[in-house]
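In what follows, a structure is listed as structure tokens, so that the remarks can point back to it.
Residue numbers (this note's numbering): 26 to 263.
Take a look at the structure:
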């Protein structure tokens, strides 16, 4: 018997808030629809006060975000979500544990992005992400799982990425594109033919600056796969 399609998407958001806003906009903009009723039904939980994921992962804070994320995921289930999306790459550090605590599927943005890079013919990908994501090897381990060589920026370039994420985007400022390009240059120097935007704050740079095909946006991958999971047709992606 054919399995019924899910009906309601739960977004575990606020990680950060603007990335959550953009993810919902992306879902709406890229779903083929002739009327309101053709779109996906969505429940958004945007808890901006969730403790910072990178600070906890790096041991700079004792505030564990997991309990709040798990409670909010459970609320999404209670409110009727059939599938959950988390538009935050760093939060995927908790993916396996979170997946064990709730009875509905969670889309895995990290794995889906690695698979998209491989399907696109990339021979070696670079990873632009928070230091929490880089040091926990969230993307590196997924690349190893799927046999895709990868690289991360050198220390100075990684510090520049963090300045862009936390000093610019999270504070509502324009991104320092010179710093961002230095990080990208570090990846190109290591032979990368594509760079994963492995932080949803960096997805906002792609939106605002019109980044080219060298960059693979994890948020776009998540949105596209969410649309497909609900039996809808994604449109307008590069």
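Heads up, the beta-carbon is just placed ideally off N, CA and C, and yes, glycines get one too.
These figures come from a predicted structure and were not determined experimentally.
Here's the rule: buried if 16 or more other CB atoms are within 10 angstroms of the residue's CB, otherwise exposed. What is residue 90?
Residue 90 should be labelled buried.
Given a threshold of 16 other Cβ atoms within 10 Å of its Cβ, counted over all protein chains shown, does residue 183 qualify as buried or as exposed?
The residue in question, residue 183, is buried, as its Cβ has 16 or more Cβ neighbours within 10 Å.
Do the CB positions of residue 56 and residue 115 come within less than 8 Å of each other?
No Cβ-Cβ contact shorter than 8 Å links residue 56 with residue 115.
At least three beta-carbon pairs within less than 8 Å, the stretch 90 to 110 to the stretch 123 to 133
Counting Cβ pairs under 8 Å, three or more are found: they touch.
Would residue 42 be called buried (16 or more neighbouring beta carbons within 10 Å of its own) or exposed?
With fewer than 16 other Cβ atoms within 10 Å, it is exposed.
For residue 139, does the three-state DSSP call read helix, strand or coil?
Three-state result, residue 139: helix.
To which residues of the same chain is residue 191 closer than 6 Å at the C-beta, ignoring the five residues directly before and after it?
None.
At what residues does the beta strand (DSSP E) containing residue 240 begin and finish?
It spans 240 to 242 - the beta strand (DSSP E) in which residue 240 sits, taken as one unbroken run.
Contact between the stretch 148 to 156 and the stretch 211 to 230 (3+ Cβ pairs under 8 Å):
The stretch 148 to 156 is in contact with the stretch 211 to 230.
Would you report the Cα separation of residue 47 and residue 172, rounded to the nearest angstrom?
For residue 47 and residue 172, the distance between alpha carbons rounds to 31 Å.
Best match in 220, 209, 208, 85 for proximity to residue 143 [C-alpha to C-alpha]
Minimum Cα-Cα distance from residue 143 among the listed residues 220, 209, 208, 85 corresponds to 220.
Give a yes or no on whether the C-beta atoms belonging to residue 193 and residue 180 are separated by under 8 Å.
No, these two residues do not count as a Cβ contact at 8 Å.
If we ignore side chains and look at the alpha-carbon of each, how far apart do residue 185 and residue 139 end up?
Approximately 23 Å between the Cα atoms of the pair.
Are the Cβ atoms of residue 161 and residue 82 separated by less than 8 Å?
Closer than 8 Å, so yes.
Classify residue 260: buried if its beta carbon has 16 or more other beta carbons within 10 angstroms, exposed otherwise.
Classification of residue 260: exposed, given that the 10 Å Cβ count is below 16.
C-alpha gap between residue 33 and residue 87, whole angstroms:
The straight-line gap from Cα to Cα measures roughly 34 Å.
Would you mind working out which of 188, 209, 117 sits nearest residue 166, comparing C-alpha positions?
Nearest option by C-alpha distance: 117.
Assuming residue 79 and residue 93 make a contact with CB atoms under 8 Å, what is their CB distance in whole Å?
The distance from the Cβ of residue 79 to that of residue 93 is about 15 Å, inconsistent with a contact at the 8 Å cut-off.
Within the stretch 165 to 232, ranges of the alpha helix (DSSP H) (whole runs, at least 4 residues)
For the stretch 165 to 232, whole alpha helix (DSSP H) runs of length 4 or above, ordered along the chain, are 180 to 187, 202 to 214.
Quick one: Cα of residue 61 to Cα of residue 213, how far?
Going from the Cα of residue 61 to the Cα of residue 213 covers about 43 Å.
Under the three-state DSSP convention, the category residue 154 falls into
In the three-state scheme derived from DSSP, where H, G and I count as helix and E and B as strand, residue 154 is classed as coil.
With C-beta atoms as the reference, is residue 218 less than 8 Å away from residue 148?
It is a contact, given that the beta carbons lie within the stated cut-off.
Let me check understanding here. Comparing Cα to Cα, which of 40, 97, 235, 84 lies closest to residue 68?
Answer by Cα proximity: 97.
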